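Undergrad: In the working numbering, the protein residues as written are 5 to 153.
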(Lines of atoms letter the chains of each structure in order from A and count residues from 1; the text may use other names and numbers.)
(Lines give C-alpha, C1' and ligand atoms only; values in the text may rest on other atoms or scores of the structure.)
Protein backbone atom coordinates (compact mmCIF):
# COMPACT_ATOMS: atom_id res chain seq x y z
CA UNK A 1 0.00 0.00 0.00
CA UNK A 2 1.49 3.36 -1.02
CA UNK A 3 2.42 5.72 1.80
CA UNK A 4 2.68 9.45 2.28
CA UNK A 5 6.24 9.56 0.94
CA UNK A 6 5.15 7.77 -2.26
CA UNK A 7 2.54 10.48 -2.85
CA UNK A 8 5.03 13.21 -1.93
CA UNK A 9 7.52 11.99 -4.54
CA UNK A 10 4.82 11.68 -7.20
CA UNK A 11 3.48 15.20 -6.46
CA UNK A 12 6.95 16.53 -7.16
CA UNK A 13 7.25 14.57 -10.41
CA UNK A 14 9.73 12.04 -9.04
CA UNK A 15 9.78 8.31 -9.62
CA UNK A 16 9.16 6.32 -6.44
CA UNK A 17 12.18 4.12 -5.64
CA UNK A 18 13.20 2.15 -2.58
CA UNK A 19 16.32 4.32 -2.29
CA UNK A 20 14.41 7.61 -2.33
CA UNK A 21 11.84 6.33 0.17
CA UNK A 22 14.58 5.05 2.50
CA UNK A 23 16.49 8.35 2.33
CA UNK A 24 13.32 10.34 3.06
CA UNK A 25 12.59 8.12 6.08
CA UNK A 26 16.17 8.38 7.35
CA UNK A 27 16.19 12.18 7.15
CA UNK A 28 12.75 12.40 8.77
CA UNK A 29 13.79 10.14 11.65
CA UNK A 30 17.21 11.79 12.12
CA UNK A 31 17.07 15.44 11.07
CA UNK A 32 20.37 17.27 10.68
CA UNK A 33 22.25 14.09 9.75
CA UNK A 34 25.18 14.05 7.34
CA UNK A 35 25.04 12.16 4.05
CA UNK A 36 27.29 9.45 5.50
CA UNK A 37 25.02 9.02 8.52
CA UNK A 38 21.97 8.84 6.25
CA UNK A 39 23.75 6.29 4.06
CA UNK A 40 24.43 4.08 7.08
CA UNK A 41 20.78 4.19 8.11
CA UNK A 42 19.60 3.45 4.57
CA UNK A 43 22.02 0.53 4.21
CA UNK A 44 20.65 -0.89 7.46
CA UNK A 45 17.14 -0.67 6.05
CA UNK A 46 17.41 -1.71 2.41
CA UNK A 47 20.84 -3.29 2.18
CA UNK A 48 23.31 -2.16 -0.40
CA UNK A 49 23.39 1.45 -1.60
CA UNK A 50 26.49 3.23 -2.78
CA UNK A 51 27.72 6.42 -1.21
CA UNK A 52 27.29 8.15 -4.57
CA UNK A 53 23.68 6.97 -4.82
CA UNK A 54 22.95 8.48 -1.39
CA UNK A 55 24.46 11.81 -2.50
CA UNK A 56 22.49 11.66 -5.76
CA UNK A 57 19.19 11.00 -3.96
CA UNK A 58 19.89 13.77 -1.42
CA UNK A 59 20.68 16.21 -4.25
CA UNK A 60 17.53 15.28 -6.18
CA UNK A 61 15.30 15.59 -3.11
CA UNK A 62 16.92 18.91 -2.20
CA UNK A 63 16.52 20.24 -5.77
CA UNK A 64 12.79 19.38 -5.62
CA UNK A 65 12.43 21.19 -2.29
CA UNK A 66 11.64 18.04 -0.29
CA UNK A 67 14.79 18.37 1.82
CA UNK A 68 16.85 21.28 3.03
CA UNK A 69 20.64 21.19 2.93
CA UNK A 70 22.42 23.03 5.71
CA UNK A 71 26.15 23.74 5.40
CA UNK A 72 27.54 25.02 8.72
CA UNK A 73 31.07 26.41 8.62
CA UNK A 74 33.65 23.68 9.21
CA UNK A 75 31.05 20.91 9.08
CA UNK A 76 29.83 18.49 6.44
CA UNK A 77 26.45 19.29 4.92
CA UNK A 78 23.44 18.14 6.91
CA UNK A 79 19.91 17.45 5.76
CA UNK A 80 16.43 17.94 7.18
CA UNK A 81 12.86 17.61 5.95
CA UNK A 82 11.60 20.77 7.65
CA UNK A 83 11.20 22.90 4.56
CA UNK A 84 8.97 25.79 3.62
CA UNK A 85 9.56 27.94 6.68
CA UNK A 86 12.30 30.35 7.62
CA UNK A 87 13.75 28.67 10.70
CA UNK A 88 17.32 28.73 11.91
CA UNK A 89 19.74 26.39 13.69
CA UNK A 90 21.61 26.18 16.96
CA UNK A 91 24.84 24.12 16.92
CA UNK A 92 26.96 22.98 19.84
CA UNK A 93 30.65 23.77 19.23
CA UNK A 94 31.67 20.80 21.38
CA UNK A 95 29.48 17.85 20.28
CA UNK A 96 28.04 19.29 17.02
CA UNK A 97 24.41 18.61 18.04
CA UNK A 98 22.10 20.76 15.91
CA UNK A 99 18.61 21.94 16.82
CA UNK A 100 15.95 23.91 14.99
CA UNK A 101 15.23 27.42 16.26
CA UNK A 102 12.16 29.31 15.11
CA UNK A 103 12.76 32.64 13.42
CA UNK A 104 13.39 35.55 15.76
CA UNK A 105 10.51 37.96 16.28
CA UNK A 106 10.35 41.54 17.47
CA UNK A 107 13.46 43.73 17.25
CA UNK A 108 15.83 41.69 15.07
CA UNK A 109 18.47 44.07 13.72
CA UNK A 110 20.88 41.29 12.71
CA UNK A 111 18.23 39.69 10.48
CA UNK A 112 17.70 42.85 8.46
CA UNK A 113 20.41 43.50 5.90
CA UNK A 114 22.13 46.84 6.48
CA UNK A 115 22.24 47.35 2.72
CA UNK A 116 20.27 45.11 0.40
CA UNK A 117 21.99 46.32 -2.82
CA UNK A 118 18.62 46.19 -4.55
CA UNK A 119 17.91 42.57 -3.61
CA UNK A 120 14.44 41.50 -2.57
CA UNK A 121 15.37 39.61 0.61
CA UNK A 122 12.93 36.81 1.44
CA UNK A 123 14.93 34.58 3.76
CA UNK A 124 17.75 34.78 6.28
CA UNK A 125 19.95 31.78 7.05
CA UNK A 126 21.18 32.08 10.61
CA UNK A 127 23.27 29.63 12.60
CA UNK A 128 23.74 30.23 16.30
CA UNK A 129 26.88 28.64 17.76
CA UNK A 130 27.48 27.81 21.40
CA UNK A 131 27.56 24.86 23.81
CA UNK A 132 24.60 22.61 24.55
CA UNK A 133 23.45 21.99 28.14
CA UNK A 134 25.05 18.50 28.21
CA UNK A 135 28.46 19.81 27.15
CA UNK A 136 28.25 22.70 29.63
CA UNK A 137 27.43 20.23 32.42
CA UNK A 138 30.27 17.91 31.39
CA UNK A 139 32.78 20.77 31.29
CA UNK A 140 31.77 22.03 34.71
CA UNK A 141 31.58 18.59 36.37
CA UNK A 142 34.21 18.07 39.07
CA UNK A 143 37.12 15.83 38.13
CA UNK A 144 37.03 12.47 39.87
CA UNK A 145 39.68 11.92 42.56
CA UNK A 146 40.69 8.75 40.67
CA UNK A 147 42.11 10.95 37.93
CA UNK A 148 44.57 12.74 40.24
CA UNK A 149 48.01 11.37 41.00
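Where is the CB? At the ideal position from N, CA and C, for every residue including glycine. Keep in mind it's a predicted model, so treat the numbers as computed, not measured.
Please check if any C-beta of chain B sits within less than 8 Å of the C-beta of residue 126.
TA: Here there is only one protein chain, and chain B is not present.
Undergrad: Going by DSSP in three states, residue 72 sits in which element: helix, strand or coil?
TA: As a working note, residue 72 is residue 68 in the chain shown. DSSP places residue 72 in strand when its eight states are reduced to three.
Undergrad: What's the gap between the Cα of residue 109 and the Cα of residue 120?
TA: Taking the chain shown and counting its residues from 1, one reaches residue 109 at position 105. Taking the chain shown and counting its residues from 1, one reaches residue 120 at position 116. Whole-angstrom Cα-Cα distance: 20 Å.
Undergrad: Just the C-alpha distance for residue 103 and residue 74, rounded to the nearest angstrom, thanks.
TA: Working through the chain shown from its first residue, we reach residue 103 at position 99. Working through the chain shown from its first residue, we reach residue 74 at position 70. Roughly 12 Å between the two C-alpha positions.
Undergrad: Residue 66 by DSSP, collapsed to three states: which one?
TA: Position 62 of the chain shown, counted from the first residue, corresponds to residue 66. In the three-state reduction of the DSSP assignment, residue 66 falls in the helix class, which pools H, G and I.
Undergrad: Mind listing, in chain order, the continuous beta strand (DSSP E) runs of no fewer than 3 residues lying wholly within the region 89-121?
TA: 92-96 and 102-105
Undergrad: Can you list, in chain order, the residues of its chain whose CB lies under 6 Å from that of residue 101, leaving out five sequence neighbours each side?
TA: Here residue 101 corresponds to residue number 97 of the chain shown, with the count starting at 1. Taken in chain order, the residues that qualify are 136.
Undergrad: Between the C-alpha atoms of residue 93 and residue 30, what's the straight-line distance to the nearest angstrom?
TA: Within the chain shown, residue 93 is the residue found at index 89, counting from 1. Within the chain shown, residue 30 is the residue found at index 26, counting from 1. Their Cα atoms are separated by approximately 19 Å.
Undergrad: Do you know how far the Cα of residue 10 is from the Cα of residue 17?
TA: One-based indexing of the chain shown puts residue 17 at position 13. One-based indexing of the chain shown puts residue 10 at position 6. The straight-line gap from Cα to Cα measures roughly 11 Å.
Undergrad: If you follow the beta strand (DSSP E) that residue 84 is part of, which residue opens it and which one closes it?
TA: Taking the chain shown and counting its residues from 1, the one referred to as residue 84 is at position 80. Per DSSP, residue 84 belongs to the beta strand (DSSP E) from 82-84.
Undergrad: Leaving aside the five residues before and after residue 53 along the sequence, list all residues of the same chain whose C-beta is less than 7 Å from its C-beta, in chain order.
TA: Residue 53 sits at position 49 when you count from the first residue of the chain shown. These residues qualify, in order along the chain: 23, 43, 46 and 47.
Undergrad: Below 8 Å between beta carbons: does that hold for residue 95 and residue 80?
TA: Numbered from its first residue, the chain shown carries residue 95 at position 91. Numbered from its first residue, the chain shown carries residue 80 at position 76. Here residue 95 is not near residue 80, since their CB atoms are 8 Å or more apart.
Undergrad: Any idea what DSSP makes of residue 59, helix, strand or coil?
TA: Taking the chain shown and counting its residues from 1, one reaches residue 59 at position 55. Helix.
Undergrad: Excluding the 5 residues flanking residue 7 on each side, which residues of the same chain have their C-beta closer than 7 Å to its C-beta?
TA: Indexing the chain shown from 1 puts residue 7 at position 3. Around residue 7: no qualifying Cβ.
Undergrad: Are residue 97 and residue 37 closer than 8 Å when you measure CB to CB?
TA: For the purposes of this step, residue 97 is taken as the residue at position 93 of the chain shown. For the purposes of this step, residue 37 is taken as the residue at position 33 of the chain shown. Going by C-beta atoms, residue 97 is not nearer than 8 Å to residue 37.
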